[in-house]
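Just remember that the numbering used here sits 146 ahead of the position in the sequence shown, which is counted from 1.
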Amino acid sequence: MTVPAGNILLYPADPQNYDMALAAAAISGIPVSPNVLGNFYDIWMHTSSGNYLVIAVGANANTALYYNPCGWSNPAGEAGGHTPFAHATESETSLPGANYFENGAGTTALGTLKLAAMLAYYAVHGSYPFGWGSTLPAEADASTSCNSGMNSNQGCTC
Numbered sequence: 147m148t149v150p151a152g153n154i155l156l157y158p159a160d161p162q163n164y165d166m167a168l169a170a171a172a173i174s175g176i177p178v179s180p181n182v183l184g185n186f187y188d189i190w191m192h193t194s195s196g197n198y199l200v201i202a203v204g205a206n207a208n209t210a211l212y213y214n215p216c217g218w219s220n221p222a223g224e225a226g227g228h229t230p231f232a233h234a235t236e237s238e239t240s241l242p243g244a245n246y247f248e249n250g251a252g253t254t255a256l257g258t259l260k261l262a263a264m265l266a267y268y269a270v271h272g273s274y275p276f277g278w279g280s281t282l283p284a285e286a287d288a289s290t291s292c293n294s295g296m297n298s299n300q301g302c303t304c
């Protein structure tokens, strides 16, 4: 069983990773609108609902969902520095449940693109893209620091 493309959300929190989320959506057959979503408040709601597989695309998105170090507004009214969210532990072909998301942040830009695309493709199709192998790129850890590149409402760069 796989996840319907409409139930997968790609979350970028900066312009560069928005472009990577668009590419991952295209490779995987996920509709760009409304499934590439750069709004932190909205992605928080969707992650906590358990109705979506959320993939944080890039280090800034992973950091935002894991720690919210910038103290962005959220539906739970939680202060910055923590969230109720945790990483799903493996590639998913089903919804991981409320408060879980996939870390699509690689340790390099190419790693992020490949990781996000492989996770998204696997969720939709039940396998990795042909010719890409079965080894995922290394994941970047979330940071506890807010940085100026993070955006709570990243719009389309297109």
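Just so you know, even glycine gets a beta-carbon here, dropped at the ideal spot from N, CA and C.
Give the range of the beta strand (DSSP E) segment to which residue i is assigned.
{"i": "N163", "result": "Element bounds for N163: not the beta strand (DSSP E) but the alpha helix (DSSP H), 161-174."}
{"i": "P283", "result": "From DSSP, P283 is part of no beta strand (DSSP E); its letter is neither H nor E."}
By the DSSP assignment, the alpha helix (DSSP H) with residue i in it spans what residues?
{"i": "A262", "result": "255-271"}
{"i": "S194", "result": "186-195"}
{"i": "V182", "result": "V182 -> no alpha helix (DSSP H), and no H or E assigned at all."}
State the DSSP-derived secondary structure class of residue i, mapped to helix, strand or coil.
{"i": "V149", "result": "coil"}
{"i": "N214", "result": "coil"}
{"i": "A202", "result": "strand"}
{"i": "P275", "result": "coil"}
{"i": "P158", "result": "strand"}
{"i": "N220", "result": "coil"}
{"i": "N299", "result": "strand"}
Is the CB-CB distance between residue i and residue j below 7 angstroms?
{"i": "V189", "j": "A266", "result": "Here the sequence assigns Ile to residue 189, which means Val is not the residue at that position. No."}
Original post:
Can you list, in chain order, the stretches of the beta strand (DSSP E) that have 3 or more residues and sit fully within the stretch 225-250?
Top reply: Fully enclosed beta strand (DSSP E) runs of no fewer than 3 residues occupy 246-250 of the stretch 225-250, in order along the chain.
Original post:
Are the stretch 161-169 and the stretch 178-189 touching by the rule of at least three beta carbon pairs closer than 8 angstroms?
Top reply: yes
Subject >> At least three beta-carbon pairs within less than 8 angstroms, the stretch 195-211 to the stretch 248-258 >> reply: Counting Cβ pairs under 8 angstroms, three or more are found: they touch.
Original post:
Is the stretch 274-287 touching the stretch 216-230, taking contact as three or more C-beta pairs under 8 angstroms?
Top reply: With a cut-off of 8 angstroms on Cβ pairs, the stretch 274-287 is not in contact with the stretch 216-230, counting fewer than three such pairs.
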